Amino acid sequence: MIRKITANQSSFRSVGFTKGFNVVLADRTKEETRKNSRNGLGKSTLIEIIHFCLGANADQEVFPREYLPGWEFSLELAVGPHQMTVTRGVENPTNLLVSDVPSNWPIQPMVRKGVEAFIAKEWTLLLGHFLFGLSYDTERNSLRGPSFRSLISYFIRRRKDAYSTPFESFRKQTALDAQIHNAFLLGLAWEDASELLKIKERSKDLAAIRIAIKAGILDGFGGKLGDLETRQVRLKDLVTKGQADLESFKVHPQYEQIQTEANRLTAEVHQLVNTNTVDRKMLELYERNLSEEQSPPTDSLDRIYQEAGISLPTTALRRIEEVRHFHETIISNRHAFLADEVERIKDAISKREIQVRERTEECAALMEILKTHGALESYTRLQQRHLEMVKELNAVTSMIENHRAFESGMSEVKIAQEHLHQKARRDLDERRTIRERAISLFNEYSQNLYSVPGNLVVDVTPSGFNFRVDIERSGSGGVDNMKIFCYDLMLARLWAEQSVSPRVLIHDSMIFDGVDERQRARALELAAQESEAHGFQYICTLNSDMVPEKEFSAYFDLSPFIRLRLTDEDVKGSLLGVRF
171 MIRKITANQS
181 SFRSVGFTKG
191 FNVVLADRTK
201 EETRKNSRNG
211 LGKSTLIEII
221 HFCLGANADQ
231 EVFPREYLPG
241 WEFSLELAVG
251 PHQMTVTRGV
261 ENPTNLLVSD
271 VPSNWPIQPM
281 VRKGVEAFIA
291 KEWTLLLGHF
301 LFGLSYDTER
311 NSLRGPSFRS
321 LISYFIRRRK
331 DAYSTPFESF
341 RKQTALDAQI
351 HNAFLLGLAW
361 EDASELLKIK
371 ERSKDLAAIR
381 IAIKAGILDG
391 FGGKLGDLET
401 RQVRLKDLVT
411 KGQADLESFK
421 VHPQYEQIQT
431 EANRLTAEVH
441 QLVNTNTVDR
451 KMLELYERNL
461 SEEQSPPTDS
471 LDRIYQEAGI
481 SLPTTALRRI
491 EEVRHFHETI
501 ISNRHAFLAD
511 EVERIKDAIS
521 KREIQVRERT
531 EECAALMEIL
541 KTHGALESYT
551 RLQQRHLEMV
561 KELNAVTSMI
571 ENHRAFESGM
581 SEVKIAQEHL
591 HQKARRDLDE
601 RRTIRERAIS
611 LFNEYSQNLY
621 SVPGNLVVDV
631 TPSGFNFRVD
641 IERSGSGGVD
651 NMKIFCYDLM
661 LARLWAEQSV
671 SPRVLIHDSM
681 IFDGVDERQR
691 ARALELAAQE
701 SEAHGFQYIC
711 TLNSDMVPEK
721 EFSAYFDLSP
731 FIRLRLTDED
741 VKGSLLGVRF
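The sequence shown begins at 171 in the numbering used here and counts up one residue at a time.
Following this line, the structure appears as structure tokens:
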């Protein structure tokens, strides 16, 4: 329960609250005030200050340091039986100074920058423990479960996003978070909601894996199961054959030496054959030259001169004869040379042919040895190939096991989901009294506003808890806002009946946007009636033009409940006393 809100700046409009019904009223006479100022008159800012002092993250948009240098806000509140004040600065939001901390509290403030203070996590753990009965064990609180900050946001809704549905308190709140916190607030087994959603998420993950497996893009699965099993059979056969080949493999101790010798002989045979081929071509040329080459006729030169009408002198004729004799000598010598070369080449070819036969026979004997034996290197290669096949077989076997484990996991998820669903259903039935009381209160409040009963539906499905609210006239924004109002008032009433409770409910004026004046009047009267009768605190902010004076009951007067009146006639009339 909140007692008072103050600040260390004289311009701030301090405000005190009491148990029961409380109103902060804003008189806005100038329409441009909202357009020209980020903080307006301060209705929403007041709620932000409360959250700020209750451990919310420091928001530079709400409390810009450049416009609020040195500002500190203080919140006087009751935490169980203890009255205390928490102070938090805009420039140094890390430290939360809390007065009158009981010595038996499980977490004590520590000296930070010269002062005893809590950090936000410590402060919210304590508030969660003493206002909602949460564990203050930091390890346990880090698990998926209720947190003070999420729970208090249902009792002190902040900003427009908190007024879209009764079951969500901030934008993009996950289904898991919403289910857990609403189940907790309604006194249901929130642990079941957490487990059901975990299983649902696991089921979604497995479904995504199945798609990836079918597409063949996931490591460790290698495609379709049927294809893998066929591949496994083939690899088993190869591994068996490879093992047999290894066992029958004979290693010759001089295998490498024999192989080298065989390679040398083969190379020599190739060289001899190549040389013979060259020599045969040369022999063919020499033999052709011997058969074709002849001496020219002896009288050819004389005849040429005679035909030309030239008479040669005796001296010239003698010299021509000498040339003819020289030429004949050359021809004779060339014939002798060619004949010798033909015989030499034939002899060389014959000897090489003998060498070819000898080396071929020797190489054949060596190859026979190589055919029946193997080298250590060959054995090593054979063994390496066998090991690679074994490795591939093991990989395929592992992929098959992954497939089968995946299919087994899918079955286990379905079984676990059904088992937990049945457990949650039994638990919900066992808590029928709690559930029916919540439903009864919601119906009562909605009927008070619209003269028709509303419906709060609380059910459990394989995906978790299902919460829904209906009012027959729903569809307009105003009626949807009243669903939130009835739901929140029901929670405040239920928690007010417990020994550990925040005992506070705060609504911003936006909850009444679009609501008919008659329903607005009934809602305010209902909030006043319930908070006074059941010992909790209801605080709302209102614009003066939203007050349905003519629709109030004759016995109801709003004036005594107005704790602070803000106005835009002067900057001093705003909450902070400054605008930016």
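Each residue gets a CB set at the ideal place from its N, CA and C atoms; glycine is no exception. Fair warning: this is a prediction, and the values are worked out from it, not measured in the lab.
Which residues DSSP lists as bridging residue i, in chain order
| i | result |
| --- | --- |
| residue 288 | 266 |
| residue 636 | 629 |
| residue 244 | 176 and 257 |
| residue 710 | 193 and 677 |
| residue 505 | According to DSSP, which records beta bridges pairwise, residue 505 is partnered with nothing at all. |
| residue 252 | 249 |
| residue 734 | 194 |
| residue 282 | 285 |
Distance between residue j and residue i (C-alpha atoms, nearest Å)
| i | j | result |
| --- | --- | --- |
| residue 670 | residue 229 | 29 Å |
| residue 454 | residue 434 | 30 Å |
| residue 358 | residue 605 | 8 Å |
| residue 172 | residue 185 | 10 Å |
| residue 279 | residue 265 | 10 Å |
| residue 627 | residue 713 | 33 Å |
| residue 176 | residue 585 | 56 Å |
| residue 226 | residue 319 | 7 Å |
| residue 635 | residue 738 | 46 Å |
| residue 718 | residue 688 | 7 Å |
| residue 525 | residue 442 | 8 Å |
| residue 241 | residue 632 | 50 Å |
| residue 460 | residue 439 | 31 Å |
| residue 361 | residue 271 | 32 Å |
| residue 451 | residue 458 | 11 Å |
| residue 211 | residue 616 | 31 Å |
| residue 216 | residue 305 | 29 Å |
| residue 337 | residue 612 | 14 Å |
| residue 716 | residue 681 | 11 Å |
| residue 692 | residue 622 | 14 Å |
| residue 188 | residue 727 | 17 Å |
| residue 651 | residue 326 | 15 Å |
| residue 116 | residue 328 | Nothing can be reported for residue 116: it is not among the residues displayed for the chain, which extend from 171 to 750. |
| residue 287 | residue 668 | 30 Å |
| residue 502 | residue 517 | 23 Å |
| residue 750 | residue 377 | 52 Å |
| residue 754 | residue 690 | Here the chain covers residues 171 to 750 and nothing more, so residue 754 does not appear. |
| residue 567 | residue 396 | 12 Å |
| residue 653 | residue 570 | 54 Å |
| residue 334 | residue 565 | 53 Å |
For residue i, the three-state DSSP class (helix, strand or coil)
| i | result |
| --- | --- |
| residue 189 | coil |
| residue 172 | strand |
| residue 352 | helix |
| residue 324 | helix |
| residue 526 | helix |
| residue 277 | coil |
| residue 432 | helix |
| residue 595 | helix |
| residue 203 | With a pLDDT of only 48 at residue 203, under the threshold of 50, the placement of this residue in the model should not be trusted, and no figure is reported. |
| residue 235 | coil |
| residue 754 | Nothing about residue 754 can be read from this structure; the chain reaches only from 171 to 750. |
| residue 208 | In this predicted model, residue 208 has a pLDDT of only 48, less than 50, meaning its place in the structure is not dependable enough to derive any value. |
| residue 329 | coil |
| residue 740 | coil |
Close-in-space but distant-in-sequence residues of the same chain around residue i (CB under 6 Å, 5 per side omitted)
| i | result |
| --- | --- |
| residue 233 | 260 |
| residue 339 | 323, 324 and 332 |
| residue 760 | With the chain represented from 171 up to 750, any question about residue 760 goes unanswered, as that position is not in the structure. |
| residue 735 | 195 |
| residue 519 | 446 and 449 |
| residue 354 | 316 and 360 |
| residue 248 | 171 |
| residue 155 | Not covered by the structure: residue 155. The range shown for the chain is 171 to 750. |
Beta-carbon contacts of residue i that lie in its chain and below 7 Å, excluding the five residues immediately before and after
| i | result |
| --- | --- |
| residue 559 | 405, 408, 409 and 412 |
| residue 597 | 359 and 362 |
Cβ shell of residue i (< 8 Å), same chain only, five flanking positions each side left out
| i | result |
| --- | --- |
| residue 695 | 722, 723 and 726 |
| residue 532 | 435 |
Can you find at least 3 beta carbon pairs, one from the segment 625-642 and one from the segment 672-692, that sit closer than 8 Å?
no
Taking three-plus beta-carbon pairs below 8 Å as touching, is the segment 193-200 in contact with the segment 248-268?
no
Take every Cβ of the segment 684-702, pair it with every Cβ of the segment 650-665, and state whether three or more of those distances are shorter than 8 Å.
yes
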